[in-house]
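S.K.:
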Amino acid sequence: MPGAMSDEGLIEQKIYTERAQKADAWRKQGINPYGNGFAAAHLAGDLLANHAGKSAQELDEQKPGPFTLAGRVVSLRDFGKAAFIVVQDRSGAIQVHVKKDALGDAAFAAFKLVDVADFVGVKGTVFKSKTGELTIAATELRPLTKALRPLPGKFSKGDDAEAKAWAEKQALADVEERYRRRYVDLLSNPGVRETFKKRTKLVQFIRHFLDERDFLEVETPMMHPLVSGAAARPFITHHNTLDLKLYMRIAPELYLKRLVVGGFDRVYEINRNFRNEGISTKHNPEFTMLEFYQAYATYEDLMDLTEELISQACVAVTGGSKVQYGPDVIDFKKGWPRIPMIEAIRQKVSELSEKDFGDPDKLKAVAKRRAEGEKEKTILDNMNVGELIGALFEQHVEGELVQPTFITQFPVETSPLARRNDANPAVTDRFELFCVRREIANAFSELNDPIDQEQRFRAQLDAKARGQEETMDYDADYIRALEHGLPPTAGEGIGIDRLAMLFTDAHSIRDVILFPLLKPQATK
RNA sequence: GGGAGCGUAGCUCAAUUGGCAGAGCAAUGGACUCUUAAUCCAUAGGUUGAAGGUUCGAUUCCUUCCGCUCUCACCA
Numbered sequence: 075m076p077g078a079m080s081d082e083g084l085i086e087q088k089i090y091t092e093r094a095q096k097a098d099a100w101r102k103q104g105i106n107p108y109g110n111g112f113a114a115a116h117l118a119g120d121l122l123a124n125h126a127g128k129s130a131q132e133l134d135e136q137k138p139g140p141f142t143l144a145g146r147v148v149s150l151r152d153f154g155k156a157a158f159i160v161v162q163d164r165s166g167a168i169q170v171h172v173k174k175d176a177l178g179d180a181a182f183a184a185f186k187l188v189d190v191a192d193f194v195g196v197k198g199t200v201f202k203s204k205t206g207e208l209t210i211a212a213t214e215l216r217p218l219t220k221a222l223r224p225l226p227g228k229f230s231k232g233d234d235a236e237a238k239a240w241a242e243k244q245a246l247a248d249v250e251e252r253y254r255r256r257y258v259d260l261l262s263n264p265g266v267r268e269t270f271k272k273r274t275k276l277v278q279f280i281r282h283f284l285d286e287r288d289f290l291e292v293e294t295p296m297m298h299p300l301v302s303g304a305a306a307r308p309f310i311t312h313h314n315t316l317d318l319k320l321y322m323r324i325a326p327e328l329y330l331k332r333l334v335v336g337g338f339d340r341v342y343e344i345n346r347n348f349r350n351e352g353i354s355t356k357h358n359p360e361f362t363m364l365e366f367y368q369a370y371a372t373y374e375d376l377m378d379l380t381e382e383l384i385s386q387a388c389v390a391v392t393g394g395s396k397v398q399y400g401p402d403v404i405d406f407k408k409g410w411p412r413i414p415m416i417e418a419i420r421q422k423v424s425e426l427s428e429k430d431f432g433d434p435d436k437l438k439a440v441a442k443r444r445a446e447g448e449k450e451k452t453i454l455d456n457m458n459v460g461e462l463i464g465a466l467f468e469q470h471v472e473g474e475l476v477q478p479t480f481i482t483q484f485p486v487e488t489s490p491l492a493r494r495n496d497a498n499p500a501v502t503d504r505f506e507l508f509c510v511r512r513e514i515a516n517a518f519s520e521l522n523d524p525i526d527q528e529q530r531f532r533a534q535l536d537a538k539a540r541g542q543e544e545t546m547d548y549d550a551d552y553i554r555a556l557e558h559g560l561p562p563t564a565g566e567g568i569g570i571d572r573l574a575m576l577f578t579d580a581h582s583i584r585d586v587i588l589f590p591l592l593k594p595q596a597t598k
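At position 362 of the first sequence the residue is numbered 436 (our numbering), and the sequence of numbers has no breaks.
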């Protein structure tokens with residue numbers, strides 16, 4: 075018996091052993107319990123779509139088929155010399171009627187060793203059972219794979235509210251187990267399959283949307299010699315033959331802008347970023363980011379584009395422009411408010427006048443009132459004006475932004491890669507999109523002045539010298555690229571996982587990532 | 001790292017004031033050739049996360065540890 079079972083419960087071991095014995099019995103009958111291929115020409119969903127509407131009489135006369143399909147047995151009702159099973163493939167699930175006289179003694183004896191969770195191949199014509207369900211009358215049934223472990227709970231095809239409630243109660247519920255054994259989660263929880271199909275649909279829609287607008291999809295390095303493109307702690311790795319320290323990408327930004335310099339003036343990339351930071355319901359160490367850059371556009375153009383992209387994506391993925399997210403109904407129809415950051419703060423903090431936003435002491439005093447503990451106060455004490463404005467925004471505004479809202483005009487101190495506003499050099503031509511109290515997108519007119527960029531890189535080095543951990547490295551080659559000329563360009567990043575969360579009413583990022591990072595299980 | 005909660009059969013969950021650890025489903029044996037969460041009869045399945053303490057007696061109370069979830073902090 076397999077050693078892997080030694081730490082498991084008696085029942086699980088017993089089921090495992092019994093199923094393994096059935097696999098052996100098949101071998102004695104000349105059936106390979108891990109067979110090789112099966113030419114399934116049809117899908118359960120297609121058969122249902124094409125024939126479920128026909129009457130029993132029509133089907134009796136036409137005898138459509140024979141059809142062949144393959145899938146997992148998710149339900150089995152045995153009547154001795156006959157049985158109904160439900161076979162599930164990627165398209166759906168269809169009932170199969172297995173009768174001893176139709177199959178023959180030998181094949182029926184083999185069928186008797188089929189358990190729920192095994193894979194089978196089936197051939198037969200379709201008919202309506204006495205209760206009116208489209209069913210395959212099996213003339214052949216071949217075991218394809220023996221499952222040694224059972225599925226949790228029990229399969230129900232019922233689609234009324236009561237049946238759904240019952241099915242939910244059957245499903246695997248242990249959160250850790252669901253993430254750790256996603257294959258069981260997908261089999262057990264139909265809603266999980268739907269969530270990940272929606273995620274795929276979202277990514278497909280975004281590609282289509284950008285391709286249609288003449289953006290070129292590219293792939294840039296995931297291993298970087300410098301930390302660039304965002305303020306975050308990186309994962310560090312090493313190349314042996316080059317003896318080179320490398321950082322896993324925290325953002326593709328500087329590579330994509332180099333491509334704009336090179337003449338690809340509309341580019342995008344959908345790929346993973348890696349950040350060596352905390353794990354939470356909103357953060358996974360690797361996450362998927364869309365970044366796109368459009369030359370000759372401004373951040374204001376990108377606000378228009380973002381509204382189009384997300385409102386249309388919402389319809390494509392969910393079928394409508396309104397989405398239920400927890401207790402809130404989010405309306406993604408276009409026409410989202412666009413509020414400069416300082417104005418958004420003033421709406422919440424009435425005592426701050428416009429000129430106070432140049433006064434660090436006043437800002438500090440207001441921010442400290444919401445601060446808890448000495449540590450936080452010390453952090454505020456060391457902040458400059460721009461950082462204080464950012465802190466006030468997080469304290470008073472971010473948690474209030476439920477419907478899609480653009481916040482614009484970020485302080486220059488917190489935006490090292492963004493272009494300064496022409497009218498007010500203290501702020502940048504930048505926006506972030508907020509929805510359900512969190513950031514969804516971040517965009518700005520790119521800084522394309524190499525001298526200004528060089529100074530901002532130096533400011534990052536100073537910050538690092540002061541002990542700030544999340545800073546960017548000085549990227550001399552990027553400065554050189556800017557010296558060749560980056561046309562006026564606007565760029566944006568959208569967190570795909572967080573957008574998928576919105577469209578699927580998922581409240582943990584782990585619910586939209588197939589295999590989220592988990593602490594390895596302790597070996598006993 | 002702080003705070004809150006949880007951990008009982010393969011799965012989903014019970015267990016009164018501290019008083020014999022239970023149910024449904026799954027499993028096994030049997031009956032059944034139209035079931036839909038099939039039905040009927042029978043059987044088996046437990047180190048109650050771990051260790052210690054209080055007690056005549058602990059799933060229950062206490063301590064420590066382990067694990068997970070949520071939350072705050074950190075962070076896009």
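Heads up, the beta-carbon is just placed ideally off N, CA and C, and yes, glycines get one too.
DSSP puts Lys-173 in a beta bridge; with which residues?
M.R.: Ala-156
S.K.: Just list the residues that DSSP pairs Pro-217 with in beta bridges.
M.R.: Val-194
S.K.: So, helix, strand or coil for Gly-492, using DSSP?
M.R.: According to the sequence displayed, residue 492 carries Ala and not Gly. Three-state DSSP puts Ala-492 in a strand.
S.K.: Considering Cα atoms alone, identify which of Ala-211, Tyr-257, Gln-244 is closest to Arg-223.
M.R.: Tyr-257
S.K.: Can you have a look at Gly-464 and say buried or exposed, based on whether 16 or more other CB atoms are within 10 angstroms of its CB?
M.R.: buried
S.K.: Do the CB positions of Pro-138 and Thr-213 come within less than 9 angstroms of each other?
M.R.: no
S.K.: Under 9 angstroms between the Cβ atoms of Arg-151 and Leu-117?
M.R.: Contact flag unset, no.
S.K.: In angstroms, rounded to a whole number, what distance separates the CA positions of Lys-275 and Arg-101?
M.R.: 42 angstroms
S.K.: Are Lys-186 and Ala-211 close, meaning C-beta to C-beta below 9 angstroms?
M.R.: no
S.K.: With DSSP collapsed to three states, give me the class of Phe-508.
M.R.: strand
S.K.: Can you tell me the Cα-Cα spacing of Pro-485 and Asn-458, whole angstroms?
M.R.: 10 angstroms
S.K.: Please classify Asp-234: does DSSP put it in a helix, a strand, or coil?
M.R.: It is coil, neither helix nor strand.
S.K.: Measuring straight from C-alpha to C-alpha, what distance separates Gly-265 and Gly-195?
M.R.: 26 angstroms
S.K.: For Tyr-373, which residues of its own chain have a beta-carbon under 7 angstroms away from its beta-carbon, when the five flanking residues on both sides are left out?
M.R.: If we look at Tyr-373 and ignore the five residues flanking it on each side, its Cβ neighbours are Asp-503, Arg-504, Phe-505, Ala-517, Phe-518, Ser-519, Ala-564.
S.K.: Looking at Val-391: is its Cβ nearer than 9 angstroms to the Cβ of Phe-577?
M.R.: Yes, they are a contact pair.
S.K.: So, helix, strand or coil for Gln-477, using DSSP?
M.R.: coil
S.K.: Going by DSSP, what residues sit across from Glu-291 in a beta bridge?
M.R.: Tyr-342
S.K.: Tell me which residues share the same chain as Glu-487 and place their Cβ nearer than 6 angstroms to its Cβ, disregarding the 5 neighbours each side in the sequence.
M.R.: Asn-458, Gly-460, Glu-461
S.K.: Taking all protein chains shown into account, do 16 or more other C-beta atoms lie within 10 angstroms of the C-beta of Pro-326, making it buried, or fewer, making it exposed?
M.R.: buried
S.K.: Please state whether the Cβ-Cβ distance between Ile-587 and Phe-361 is less than 9 angstroms.
M.R.: yes
S.K.: Which of the three DSSP states is assigned to Thr-482 in this structure?
M.R.: strand
S.K.: Expressed to the nearest angstrom, what Euclidean distance is found between the alpha-carbon atoms of Phe-309 and Arg-340?
M.R.: Looking at the two C-alpha atoms, the distance is approximately 29 angstroms.
S.K.: How would you label Leu-379, buried or exposed, when you count the other beta carbons within 10 angstroms and need 16 or more for buried?
M.R.: buried
S.K.: Do three or more CB pairs link the stretch 298-312 to the stretch 413-426 at distances below 8 angstroms?
M.R.: No: the two stretches stay apart, fewer than three of their Cβ pairs being nearer than 8 angstroms.
S.K.: Please state whether the Cβ-Cβ distance between Arg-146 and Ala-221 is less than 9 angstroms.
M.R.: yes
S.K.: Over the uninterrupted beta strand (DSSP E) stretch that includes Val-397, give me the two end residues.
M.R.: 396-399
S.K.: How about Arg-511 and Glu-450: do their beta carbons lie closer than 9 angstroms?
M.R.: no
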